[in-house]
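*Asks:* This is the structure, below, for whatever I ask next.
Chains as they are written, first to last, in our numbering: chain A, 1 to 92; chain B, 93 to 321.
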């Protein structure tokens, strides 16, 4: 995956847009969310939705998930292994 | 005298410019919190259990379990507090600011000053065989392993953010209280939130406290390198 920290946009390695990330509760931290037993995802008690941990997910799974449910909330850590930081992406 | 000269050359700079995540401070806060939860758990156990009948293993297990319950309760309280914080809008154009003032709203105008500390560096890497140029953030890993095939044709360092106007304003609620904690949805001040070899990035949103004249940014309220949304 590629992530542009300027625009907060996540792409697949072959430049397909996964999601432009936005959370209205901007100061919410990952550590504020509740752990979900048996899952790496966490539960946001404000929105009452799960936030998906993207570490360990591959491009295709995430792409499909967001195609099916575009409102899915994601969490990415800029330092996670499957993320490459970019400042420019040429969309196909 | 030296400070006076510096101020004349660089402009008086009493603004906060660095707000990066402090790992060691965060770790010590977490350890302190953990100790406090465990102390509370020990008190609860001492009040509610017959200590004589508990083995050390059972006692440790209970401390762990109750401390986690306290932590989860605190988390739930914190998240409710966050959800209830007022969110302050930012007006990014002169037109928006003028309209708000005409309509009777209070605004806090501020200059949009790009910080010299916020910069990213990109390498423009050319594939000698195809002629194609790819732009990648500066890093040790930017160049593909086949070094002979690629060359860096440009290294560019620049300020990566753009804003529509050199002036912006926070839209102030009429009943904003001194000492009130709010969320600045779109921070006007340029404060470094995260640094890497290839760039420094600004905080774009943060919790802050209104002191009657301006917002005091709470650095601990936001992690830049973990993005959710």
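Virtual Cβ for every residue (Gly too), placed ideally from N, Cα, C.
Between the C-alpha atoms of residue 106 of chain B and residue 119 of chain B, what's the straight-line distance to the nearest angstrom?
*Replies:* Numbered from 1 along the second chain, position 14 holds the residue referred to as residue 106 of chain B. Numbered from 1 along the second chain, position 27 holds the residue referred to as residue 119 of chain B. Because the pLDDT at residue 106 of chain B is just 44, under 50, the model does not fix this residue reliably, and the point stays unresolved.
*Asks:* Relative to the C-alpha of residue 255 of chain B, which candidate in B:176, B:184, B:164 has its C-alpha closest?
*Replies:* Numbered from its first residue, the second chain carries residue 255 of chain B at position 163. Among B:176, B:184, B:164, the Cα nearest to that of residue 255 of chain B is on B:184.
*Asks:* If we define contact as Cβ-Cβ less than 8 Å, is residue 25 of chain A a contact residue for chain B?
*Replies:* Looking up residue 25 of chain A in the first chain gives position 25. Yes, contact with chain B.
*Asks:* Using the beta-carbon of each residue, which ones in chain A are nearer than 9 Å to residue 193 of chain B?
*Replies:* In the second chain, the residue the question calls residue 193 of chain B occupies position 101. Neighbours of residue 193 of chain B on chain A: none; closest Cβ ~26 Å, over 9 Å.
*Asks:* Could you pull out every residue in the same chain whose Cβ sits closer than 6 Å to the Cβ of residue 30 of chain A, ignoring the five residues on either side in sequence?
*Replies:* As a first step, residue 30 of chain A is located in the first chain; it is residue number 30 there, counting from the start. So the qualifying residues of the chain are 75.
*Asks:* Does the distance from the CB of residue 180 of chain B to the CB of residue 263 of chain B come in under 8 Å?
*Replies:* The count along the second chain starts at 1 and reaches residue 180 of chain B at position 88. The count along the second chain starts at 1 and reaches residue 263 of chain B at position 171. Cβ distance < 8 Å, so residue 180 of chain B and residue 263 of chain B count as in contact.
*Asks:* Quick one: using the 10 Å Cβ neighbour count with 16 as the cut-off for buried, is residue 19 of chain A buried or exposed?
*Replies:* As a first step, residue 19 of chain A is located in the first chain; it is residue number 19 there, counting from the start. Burial call: buried.
*Asks:* Which of the three DSSP states is assigned to residue 202 of chain B in this structure?
*Replies:* Taking the first residue of the second chain as position 1, residue 202 of chain B is located at position 110. Residue 202 of chain B: strand per DSSP, three-state reduction.
*Asks:* Just to confirm, are residue 72 of chain B and residue 221 of chain B a CB contact at a threshold of 8 Å?
*Replies:* Any property of residue 72 of chain B remains undetermined from this structure, which presents chain B solely from 93 to 321.
*Asks:* Checking contacts by CB at 8 Å: is residue 70 of chain A closer than that to chain B?
*Replies:* Numbered from 1 along the first chain, position 70 holds the residue referred to as residue 70 of chain A. Interface flag for residue 70 of chain A against chain B is unset, since no Cβ pair is found closer than 8 Å.
*Asks:* Quick one: what does DSSP say residue 302 of chain B is sitting in, helix, strand or coil?
*Replies:* Sequence index remark: in the second chain, residue 302 of chain B carries index 210 (1-based). The answer is strand: DSSP assigns residue 302 of chain B an E or B state.
*Asks:* Any contact of the stretch 8–22 of chain A with the stretch 37–52 of chain A, i.e. 3+ C-beta pairs under 8 Å?
*Replies:* no
*Asks:* Between residue 298 of chain B and chain A, is any beta-carbon pair separated by less than 8 Å?
*Replies:* As a position in the second chain, residue 298 of chain B is number 206, starting the count at 1. It does; some Cβ of chain A falls within 8 Å.
*Asks:* Check the Cβ of residue 79 of chain A against every Cβ in chain B and list those closer than 7 Å, keeping chain order.
*Replies:* Translated into the one-based positions of the first chain, residue 79 of chain A becomes position 79. Within chain B, the residues near residue 79 of chain A are 317.
*Asks:* Checking contacts by CB at 8 Å: is residue 167 of chain B closer than that to chain A?
*Replies:* For this step, residue 167 of chain B is matched to residue 75 along the second chain. So yes, residue 167 of chain B belongs to the interface.
*Asks:* Please classify residue 70 of chain A: is it buried, with 16 or more other beta-carbons within 10 angstroms of its beta-carbon, or exposed?
*Replies:* As a position in the first chain, residue 70 of chain A is number 70, starting the count at 1. Exposed is the label assigned to residue 70 of chain A, since fewer than 16 other Cβ atoms lie within 10 Å of its Cβ.
*Asks:* If you scan the stretch 236–307 of chain B from start to end, which runs of the beta strand (DSSP E) of 3 or more residues do you find wholly inside it?
*Replies:* For the stretch 236–307 of chain B, whole beta strand (DSSP E) runs of length 3 or above, ordered along the chain, are 242–250, 259–264, 273–276, 284–288, 291–294, 298–302.
*Asks:* Taking only the alpha-carbon atoms, compute the straight-line gap between residue 38 of chain A and residue 53 of chain A and give it to the nearest angstrom.
*Replies:* Against the first chain, residue 38 of chain A aligns to sequence position 38. Against the first chain, residue 53 of chain A aligns to sequence position 53. The alpha-carbon atoms of residue 38 of chain A and residue 53 of chain A are separated by roughly 13 Å.
*Asks:* Go through its chain and collect everything with a Cβ distance to residue 102 of chain B's Cβ below 6 Å, but skip five positions before and after it.
*Replies:* The residue you call residue 102 of chain B lines up with position 10 of the second chain. Note that residue 102 of chain B has pLDDT 49, beneath the 50 cutoff, so the model's placement of it is unreliable and the number below is only indicative. Same-chain partners within the cutoff: there are none.
*Asks:* Leaving out five residues on either side along the sequence, give the residues of the same chain with a beta carbon under 8 Å from the beta carbon of residue 259 of chain B.
*Replies:* As a working mapping, residue 259 of chain B is identified with position 167 in the second chain. Excluding the 5 residues flanking it on each side, residue 259 of chain B has same chain C-beta neighbours closer than 8 Å at 186, 189, 201, 202, 203, 204, in chain order.
*Asks:* Which residue wins for smallest C-alpha separation from residue 197 of chain B, given the options B:320, B:274, B:125, B:267?
*Replies:* To locate residue 197 of chain B, count along the second chain from 1; it is residue 105. That would be B:267, whose Cα lies nearest to the Cα of residue 197 of chain B.
*Asks:* Less than 6 Å between C-beta atoms, sequence neighbours within five positions excluded: which residues of the same chain meet that for residue 163 of chain B?
*Replies:* Start at 1 with the first residue of the second chain, and residue 163 of chain B comes out as number 71. The beta carbon of residue 163 of chain B sits closer than 6 Å to the beta carbons of 129 from its chain, once the five residues preceding and following it are set aside; these are given in chain order.
*Asks:* Are residue 318 of chain B and residue 308 of chain B touching if we call contact CB-CB under 8 Å?
*Replies:* Within the second chain, numbered from 1, the residue matching residue 318 of chain B stands at position 226. Within the second chain, numbered from 1, the residue matching residue 308 of chain B stands at position 216. Taking 8 Å as the Cβ cut-off, residue 318 of chain B and residue 308 of chain B do not qualify as a contacting pair.
*Asks:* With DSSP collapsed to three states, give me the class of residue 86 of chain A.
*Replies:* Translated into positions along the first chain, residue 86 of chain A becomes position 86. It is coil, neither helix nor strand.
*Asks:* List, in order along the chain, the chain A residues whose C-beta lies closer than 8 Å to that of residue 214 of chain B?
*Replies:* As a working mapping, residue 214 of chain B is identified with position 122 in the second chain. Chain A residues near residue 214 of chain B: 87, 88.
*Asks:* Tell me, please, which residues DSSP counts as bridged to residue 320 of chain B.
*Replies:* If you number the second chain from 1, residue 320 of chain B lands on position 228. In the DSSP output, where bridge partners are listed per residue, residue 320 of chain B has A:75.
*Asks:* Would you list, in chain order, the members of the stretch 28–47 of chain A that have their beta-carbon closer than 7 Å to a beta-carbon of chain B?
*Replies:* 28, 29, 30, 32, 34, 45, 46
*Asks:* Between residue 60 of chain A and residue 287 of chain B, what straight-line distance do the alpha-carbon atoms span, to the nearest angstrom?
*Replies:* Numbered from its first residue, the first chain carries residue 60 of chain A at position 60. Numbered from its first residue, the second chain carries residue 287 of chain B at position 195. Each residue's alpha carbon lies about 30 Å from the other.
*Asks:* Suppose only complete runs of 3+ residues qualify. What are the beta strand (DSSP E) ranges in the stretch 133–171 of chain B, listed by chain order?
*Replies:* none
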